[in-house]
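J.: Handing you this structure, nothing more for now.
Protein chains: 2
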Amino acid sequence: MLQPFFDRYNSIYPLSEELKNTLEKELEIIEVPKNYHLLKDGQRDDYVYVLLKGLLRTYYIKDDTEICSRFMEEQHICMSVISFFSRKAGYEYMETLEPSILARIHYDRLQFIYKNFIEFNYTARVMTEQYFTLSEQRTYLLRKHTSEERYVLFMQQFPSFLQRVPLTYIASFLGMNLETLSRIRNKISK
Amino acid sequence: MLQPFFDRYNSIYPLSEELKNTLEKELEIIEVPKNYHLLKDGQRDDYVYVLLKGLLRTYYIKDDTEICSRFMEEQHICMSVISFFSRKAGYEYMETLEPSILARIHYDRLQFIYKNFIEFNYTARVMTEQYFTLSEQRTYLLRKHTSEERYVLFMQQFPSFLQRVPLTYIASFLGMNLETLSRIRNKISK
DNA sequence: TAAAGTATTTGACAATTGTCAAATGTTACG
DNA sequence: CGTAACATTTGACAATTGTCAAATACTTTA
Chain A
62 MLQPFFDRYN SIYPLSEELK NTLEKELEII EVPKNYHLLK DGQRDDYVYV
112 LLKGLLRTYY IKDDTEICSR FMEEQHICMS VISFFSRKAG YEYMETLEPS
162 ILARIHYDRL QFIYKNFIEF NYTARVMTEQ YFTLSEQRTY LLRKHTSEER
212 YVLFMQQFPS FLQRVPLTYI ASFLGMNLET LSRIRNKISK
Chain B
62 MLQPFFDRYN SIYPLSEELK NTLEKELEII EVPKNYHLLK DGQRDDYVYV
112 LLKGLLRTYY IKDDTEICSR FMEEQHICMS VISFFSRKAG YEYMETLEPS
162 ILARIHYDRL QFIYKNFIEF NYTARVMTEQ YFTLSEQRTY LLRKHTSEER
212 YVLFMQQFPS FLQRVPLTYI ASFLGMNLET LSRIRNKISK
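Chains A and B, in that order, give the protein sequences.
If you count by the numbering used here, then the first sequence holds residues 62 to 251, one letter each, in order.
If you count by the numbering used here, then the second sequence holds residues 62 to 251, one letter each, in order.
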């Protein structure tokens with residue numbers, strides 16, 4: 062089940078047998094239903110997840126309204142970035158949008174591996190760079206584009222989410238409300 | 062001149078003499094005037110910089126208008142994230158807003174160090190995590206907040222830029238136009 | 001220090017997007 | 001198969017922000 066993840070890992074920096082065994086031992090597989098909360102507002106995120114099957118979103122609440130900040134699909138590494146890296150309670154929720162299977166590792170165990178398998182940092186650095194790049198692409202979407210442009214960019218950059226994620230969530234991700242998105246879709250389809 | 066940077070570095074993971082010497086040898090110090098472009102639209106960013114003195118911004122052009130995406134001050138590591146990490150030409154400009162002194166290293170030399178000083182990846186991983194966190198905080202600003210809220214958050218999160226950066230740039234960073242920002246400042250000061 | 005250049009503020013009006021209410025469409029399940 | 005629950009669309013109107021033009025304030029330099 063973890064093999065695709067190890068393959069990706071190995072393509073960045075050779076993964077030794079010993080490290081692979083350690084990761085297999087430390088990664089805990091959990092299976093959760095749809096709409097299950099892996100993290101809530103005010104909690105510190107102590108785990109990083111590999112999403113093996115399913116779909117996740119992160120969101121936060123502003124004026125009693127949910128604002129989606131990210132969608133994550135299979136083979137992706139998932140966490141609440143600010144909370145996990147800064148070791149503080151955050152404002153983000155992390156929730157499954159489909160029944161999901163995840164591998165997770167606790168922050169402390171991860172640090173143990175970083176210290177004892179120094180080459181593990183090479184791969185982690187590269188992966189962090191990749192997710193940082195993705196994050197900047199999401200942010201670019203939000204800046205100074207019209208509602209319609211944001212939706213078009215979203216379709217281009219993240220076509221797979223369009224099929225799996227309800228419109229309300231996409232609308233809040235794109236910084237507009239559901240009705241506006243609906244009108245834009247209507248306009249574009251003509 | 063590089064000592065504060067090395068100190069910061071050393072506090073994350075011990076910096077060996079050999080690595081320190083290598084970094085000192087590889088880092089090239091450049092001194093540039095105000096409004097100097099380190100990177101332009103359509104170019105690939107081949108350097109990562111440490112800003113020793115001065116002030117930078119990154120921006121891009123949308124419909125003939127400049128949109129600031131980031132401000133960077135002393136001791137910070139500066140690059141065009143998407144271009145530098147993905148090795149592709151990007152859309153971003155990187156420009157000094159004050160006369161500046163920077164240390165820079167070429168992408169290829171950096172990779173050389175990553176491969177030959179494997180512990181260098183530990184520090185780089187942690188630093189990438191820190192900048193990723195900062196980037197997510199900037200993005201949080203942009204999502205579903207009113208113009209006034211965005212400005213207040215900016216004042217709280219990045220007070221030092223308020224003194225050094227012209228309002229036009231701050232306005233475009235916050236996704237509003239200059240006149241709107243001016244009215245908000247007026248309203249708040251009452 | 002005066003003049004030119006740049007930065008910020010103000011006003012009037014237009015365009016875009018949000019809000020609320022209701023209608024319609026779709027899905028899941030007893 | 002019908003009903004409830006949920007998702008999406010549509011309409012009327014309000015609020016926010018943008019645009020353009022002009023006035024004022026601040027900086028730089030000859």
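A virtual CB, placed ideally from N, CA and C, is assigned to each residue, including glycine.
Closer than 7 angstroms by beta-carbon distance: list the chain B residues that pair up with A:Val-142, in chain order.
T.: Those within 7 angstroms of A:Val-142 in chain B are Phe-193, Thr-194, Glu-197.
J.: Hey, quick one: how far does the alpha helix (DSSP H) through A:Ser-208 stretch, first residue to last?
T.: 208 to 218
J.: At least one CB of chain A closer than 8 angstroms to the CB of B:Leu-214: is that the case?
T.: no
J.: Starting from the beta carbon of B:Phe-146, find every residue of chain A whose beta carbon is closer than 8 angstroms, and list them in chain order.
T.: Under the 8 angstroms cutoff, chain A gives Glu-190, Gln-191, Phe-193, Thr-194.
J.: Here's the rule I'm using: 16 or more other beta-carbon atoms within 10 Å means buried, otherwise exposed. How should A:Thr-126 be labelled?
T.: exposed
J.: Residue range of the beta strand (DSSP E) that B:Phe-132 falls in?
T.: 126 to 133
J.: Taking the runs of the alpha helix (DSSP H) that are 4 residues or longer, which of them lie wholly in the stretch 180 to 210 of chain A?
T.: 181 to 203
J.: What's the C-alpha gap between B:Gly-151 and B:Gln-104?
T.: Cα to Cα, the separation comes out at about 6 angstroms.
J.: Answer with buried or exposed for A:Asn-96, where buried requires no fewer than 16 other C-beta atoms within 10 angstroms of its C-beta.
T.: exposed
J.: Buried or exposed: which applies to B:Arg-211, given that a residue is buried once 16 or more other Cβ atoms fall within 10 Å of its Cβ?
T.: buried
J.: With 16 as the cutoff for other CB atoms within 10 Å, does A:Ser-250 come out buried or exposed?
T.: exposed
J.: Quick check: B:Leu-235 and A:Thr-200, are their CB atoms within less than 8 angstroms of each other?
T.: no
J.: To the nearest angstrom, how far is it from the Cα of A:Arg-225 to the Cα of A:Leu-117?
T.: 10 angstroms
J.: For A:Ala-232, does the three-state DSSP call read helix, strand or coil?
T.: helix
J.: Roughly how many angstroms lie between the CA atoms of B:Ser-144 and A:Val-142, to the nearest whole one?
T.: 21 angstroms
J.: What is the DSSP secondary structure of B:Arg-105, reduced to helix, strand or coil?
T.: coil
J.: Give the interface partners of B:Lys-149 over in chain A, defined as CB-CB distance under 8 angstroms, in chain order.
T.: Those within 8 angstroms of B:Lys-149 in chain A number zero; the least Cβ separation is about 10 angstroms.
J.: Thinking C-beta only, is A:Asn-182 closer than 8 angstroms to B:Asn-182?
T.: For B:Asn-182 and A:Asn-182, yes; Cβs fall inside 8 angstroms.
J.: Specify, as a first and last residue, the run of the alpha helix (DSSP H) that A:Glu-240 falls within.
T.: Per DSSP, A:Glu-240 is one residue of the alpha helix (DSSP H) stretching across 239 to 249.
J.: Please report the residue range of the beta strand (DSSP E) in which A:Lys-123 lies.
T.: 117 to 123
J.: Quick check on DSSP: helix, strand or coil for A:Tyr-70?
T.: The three-state reading of DSSP puts A:Tyr-70 in helix, counting H, G and I together.
J.: Could you give the first and the last residue of the continuous alpha helix (DSSP H) run that contains A:Leu-80?
T.: 78 to 87
J.: Among residues of its own chain, excluding the 5 on either side of B:Glu-134, which ones have a beta-carbon nearer than 6 angstroms to its beta-carbon?
T.: So the qualifying residues of the chain are Leu-116.
J.: Is A:Leu-99 helix, strand or coil when you go by DSSP?
T.: strand
J.: Is the shortest distance between the beta-carbon of A:Ser-130 and the beta-carbons of chain B less than 8 angstroms?
T.: yes
J.: In chain B, what lies closer than 7 angstroms to A:Ala-185 by C-beta?
T.: Arg-186
J.: Residues in the same chain with beta-carbon distance under 7 angstroms from A:Ile-245, minus the five sequence neighbours each way, listed in chain order, please.
T.: Shown here for A:Ile-245: same chain residues with a beta carbon closer than 7 angstroms to its own, the five before and five after excluded, namely Ser-208, Glu-209, Tyr-212 in chain order.
J.: Which one of A:Lys-123, A:Glu-79, A:Gln-218, A:Leu-112 has the shortest CA to CA distance from A:Glu-159?
T.: Considering only alpha carbons, the answer is A:Leu-112.
J.: Please list, in chain order, all residues of the same chain as B:Leu-76 whose beta carbon is under 7 angstroms from its beta carbon, the five residues on each side excluded.
T.: Phe-67, Tyr-70, listed in sequence order.
J.: Using a Cβ-Cβ distance under 8 angstroms, would B:Arg-105 count as near chain A?
T.: no
J.: Report yes if the CB atom of A:Phe-222 is closer than 8 angstroms to the CB atom of A:Phe-132, and no otherwise.
T.: yes
J.: Once you ignore the five residues that flank A:Cys-139 on each side, which residues in its own chain have a CB closer than 6 angstroms to its CB?
T.: Answer for A:Cys-139: Tyr-110, Leu-112, Leu-117, Met-133, listed in chain order.
J.: With DSSP as the reference, identify every bridge partner of A:Val-93, one or two as the case may be.
T.: A:Ser-161
J.: Between B:Ile-231 and chain A, is any beta-carbon pair separated by less than 8 angstroms?
T.: no
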